[in-house]
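Undergrad: If you scroll down you'll find the structure; I have some questions about it.
There are 2 protein chains.
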Amino acid sequence: MPPATTRDLPHPAREEIRLESVLHALSDPVRLRIVRELAADSDELLSCSHFDLPVTKSTTTHHFRVLRESGLVRQTYRGTAKMNGLRRDDLDALYPGLLDALLAAAARQAARLGTD
Amino acid sequence: MPPATTRDLPHPAREEIRLESVLHALSDPVRLRIVRELAADSDELLSCSHFDLPVTKSTTTHHFRVLRESGLVRQTYRGTAKMNGLRRDDLDALYPGLLDALLAAAARQAARLGTD
DNA sequence: CGGCTCGTACGATAGCCCTCGTAGTACGGT
DNA sequence: ACCGTACTACGAGGGCTATCGTACGAGCCG
Numbered sequence: 001m002p003p004a005t006t007r008d009l010p011h012p013a014r015e016e017i018r019l020e021s022v023l024h025a026l027s028d029p030v031r032l033r034i035v036r037e038l039a040a041d042s043d044e045l046l047s048c049s050h051f052d053l054p055v056t057k058s059t060t061t062h063h064f065r066v067l068r069e070s071g072l073v074r075q076t077y078r079g080t081a082k083m084n085g086l087r088r089d090d091l092d093a094l095y096p097g098l099l100d101a102l103l104a105a106a107a108r109q110a111a112r113l114g115t116d
Numbered sequence: 001m002p003p004a005t006t007r008d009l010p011h012p013a014r015e016e017i018r019l020e021s022v023l024h025a026l027s028d029p030v031r032l033r034i035v036r037e038l039a040a041d042s043d044e045l046l047s048c049s050h051f052d053l054p055v056t057k058s059t060t061t062h063h064f065r066v067l068r069e070s071g072l073v074r075q076t077y078r079g080t081a082k083m084n085g086l087r088r089d090d091l092d093a094l095y096p097g098l099l100d101a102l103l104a105a106a107a108r109q110a111a112r113l114g115t116d
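If you read the sequences in order, they're chains A and B.
Reminder that position 88 of the first sequence reads as 88 in my numbering, one-by-one numbering, no gaps.
Reminder that position 106 of the second sequence reads as 106 in my numbering, one-by-one numbering, no gaps.
Given below as structure tokens:
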């Protein structure tokens, strides 16, 4: 049997990741912010509860699911915590330069609007 | 008085263009396709009716309005025709490299899925 | 075991969005 | 003046989405 601390979650395969879904996922301010934080700590996996978001826990769960189903984020359980990491390898392979351009654009806008 | 062939349309100023709105606009397949065609003929202004889209004229009007209001496209009347052009200058100034990365990603996906 | 924390499931609500059809306006040409 | 073309306005339907509250399951620790 698999290790007790592993409940598996459905992720799209690399080839199933659709650009439209990625863009739609990032068109929500809460999710864009999550992705920016994940990119900032790109060598760490962050738990859902690590984020201080202006929505309830239910809504947070919803946003993380959208991110996972769009292929932007990989989620794994570690005990009761759910760890999140950007799927940078898959995204870079599919769309080279896209993620960096998106993150740079988000950083620019945050700086411009003072939302940093 | 302005030339008779000029009915003005509301466009967001460069500084008002929001990344989330741009991404949302591009997350629809019909609009992504429009933007790709506009980028391919980037030195030409294309009329709305130039596009052969799988939706009715009403819906086409709707999509072009979303593109205009998001700041992706500039629209001007020329007689009865409404000409459309990408706002590449504004987008490149706000988010350098973003538009090219998005277009390249869309081209990659189209090639991968044979939807070209 | 008992409780605590982390996250999920489900239902509900309200708003947005894609789509369409019909009716109408603006402009150019005959 | 008249007609045709290009686009718009308005309204409606149906689906998706963001949000929440409450109730629940899964794992850790005393």
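All C-beta atoms in this analysis are idealised placements derived from N, C-alpha and C, irrespective of residue type, glycine included.
Classify residue 68 of chain A as helix, strand or coil using the three-state DSSP reduction.
TA: Helix at residue 68 of chain A.
Undergrad: Would you call the stretch 6-15 of chain A in contact with the stretch 46-57 of chain A, where contact means no fewer than 3 C-beta pairs closer than 8 Å?
TA: Too few Cβ pairs lie closer than 8 Å, so no.
Undergrad: Where do the N-terminal and C-terminal ends of the beta strand (DSSP E) with residue 73 of chain B fall, by residue?
TA: That run of the beta strand (DSSP E) goes 73-78.
Undergrad: Cutting at 6 Å between CB atoms, please list the residues of its own chain near residue 63 of chain A, excluding the five before and the five after it.
TA: Excluding residues within five positions, the ones whose Cβ falls inside 6 Å are 30, 31.
Undergrad: In chain B, what lies closer than 7 Å to residue 29 of chain A by C-beta?
TA: 20, listed in chain order.
Undergrad: Beta strand (DSSP E) containing residue 86 of chain B: first to last residue?
TA: Taken as a continuous stretch (DSSP letters only), the beta strand (DSSP E) holding residue 86 of chain B covers 81-86.
Undergrad: Kindly indicate the opening and closing residues of the alpha helix (DSSP H) around residue 105 of chain B.
TA: Run containing residue 105 of chain B: 98-113, per the alpha helix (DSSP H) assignment.
Undergrad: Does residue 109 of chain B come within less than 8 Å of chain A when only Cβ atoms are used?
TA: It does: the Cβ of residue 109 of chain B has a partner Cβ on chain A nearer than 8 Å.
Undergrad: Just how far apart, CA to CA, sit residue 73 of chain B and residue 107 of chain A?
TA: Spanning the two alpha carbons is a distance of roughly 23 Å.
Undergrad: Below 8 Å between beta carbons is the criterion; list the residues of the stretch 72-101 of chain B that meet it against any residue of chain A, in chain order.
TA: Here the close residues are 94, 95, 96, 97, 98, 100, 101.
Undergrad: Going by other Cβ atoms of all chains shown within 10 Å of its Cβ, with 16 needed for buried, is residue 113 of chain B buried or exposed?
TA: The residue in question, residue 113 of chain B, is exposed, as its Cβ has fewer than 16 Cβ neighbours within 10 Å.
Undergrad: Go ahead and label residue 71 of chain B buried or exposed: buried means 16 or more other beta carbons lie within 10 angstroms of its beta carbon, across all protein chains shown.
TA: Residue 71 of chain B is buried by the Cβ-count criterion.
Undergrad: In chain order, what residues of the same chain lie with their CB nearer than 6 Å to the CB of residue 116 of chain A, ignoring the 5 residues before and after it?
TA: For residue 116 of chain A, where only same-chain residues beyond five positions count, the Cβ hits under 6 Å are 110.
Undergrad: Roughly how many whole angstroms lie between the Cα atoms of residue 25 of chain A and residue 67 of chain A?
TA: About 6 Å.
Undergrad: With residue 36 of chain B as the anchor, note down where its alpha helix (DSSP H) starts and where it stops.
TA: Start and end: 29-40.
Undergrad: Flag this pair as touching only if the stretch 87-95 of chain A and the stretch 74-89 of chain B have three or more C-beta atom pairs under 8 Å; answer yes or no.
TA: Taking 8 Å as the limit for Cβ pairs, the verdict is that the stretch 74-89 of chain B does not touch the stretch 87-95 of chain A.
Undergrad: According to the Cβ coordinates, are residue 101 of chain A and residue 101 of chain B closer than 8 Å?
TA: Yes, the pair counts as a contact, with Cβ atoms nearer than the cut-off.
Undergrad: What is the C-beta distance between residue 20 of chain A and residue 27 of chain B, in whole angstroms, given that I count them as a contact (C-beta under 8 Å)?
TA: That belief holds up - the Cβ atoms of residue 20 of chain A and residue 27 of chain B are roughly 5 Å apart, short of 8 Å.
Undergrad: Between the beta-carbon of residue 77 of chain B and the beta-carbon of residue 7 of chain B, is there less than 8 Å?
TA: Contact flag set, yes.
Undergrad: Kindly list the residues whose CB is nearer than 6 Å to the CB of residue 10 of chain A, restricted to its own chain and excluding five residues on each side of it in sequence; keep chain order.
TA: Excluding positions up to five away in sequence, the list is empty.
Undergrad: Are the C-beta of residue 11 of chain A and some C-beta of chain B separated by less than 8 Å?
TA: So, not an interface residue.
Undergrad: Do residue 23 of chain A and residue 23 of chain B come within 8 Å of each other at the CB atom, strictly closer than that value?
TA: Yes, they are a contact pair.
Undergrad: Would you decide whether residue 1 of chain B is buried or exposed? Buried here means 16 or more other CB atoms lie within 10 Å of its CB.
TA: Because the pLDDT at residue 1 of chain B is just 37, under 50, the model does not fix this residue reliably, and the value given afterwards should be weighed accordingly. Classification of residue 1 of chain B: exposed, given that the 10 Å Cβ count is below 16.
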